Every structure is written in C-alpha cells, then in structure tokens.
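Residue numbers (this note's numbering): 4 to 70. All residues carry an ideal CB built from backbone N, CA and C; glycine is no exception. Remember, it's a predicted structure, so these values are computed and weren't measured experimentally. Working notes for the structure below.
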C-alpha cells in the first residue's frame, strides 16, 4: 500500500500530508484480519483456531503462502 504523498509547509510552520482518497479495502468490504500477520483477507481465505480460550482467525493454509 504505497501511495504517493505530497507534503507542504503551511503559513504557521506546520507540515501536513495530503493523501489520495479512498479505502485500501477493495471489493465488498467483508474482510477480517489475520491474528498472526495482521493482513486483511476475505473470510474464505481464513481458518478459525482456538487460542488462549478464544477463537481467532488465521490465514489458510499459512501466512507465507498467500500473496
């Protein structure tokens, strides 16, 4: 997610960033984050595991194999 940013110094000396609008989440918006790697994936590419008494979702089959 490398978006080009443009910075400029305002009259009072503060530097603000202007970013490209829009959401980084494409598609229908139904995504969840992996507990291990933190990347957002569709529910079809995640699997549920029991960890510390809670159900968490992780990448299926592993975080390294998915792009």
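Per-residue DSSP class, three states only, for residue i
| i | result |
| --- | --- |
| residue 51 | strand |
Top-ranked residue by Cα proximity to residue i, from the options
| i | options | result |
| --- | --- | --- |
| residue 63 | 17, 37 and 15 | 37 |
Own chain partners of residue i with C-beta closer than 8 Å, once the 5 adjacent residues on each side are dropped
| i | result |
| --- | --- |
| residue 58 | 51 and 52 |
is_contact[residue i, chain D] using C-beta, thresh 8 Å
| i | result |
| --- | --- |
| residue 46 | No chain D is part of this structure, which consists of one protein chain only. |
Same chain only: Cβ atoms within 7 Å of residue i, ignoring 5 sequence neighbours per side
| i | result |
| --- | --- |
| residue 46 | 33 and 35 |
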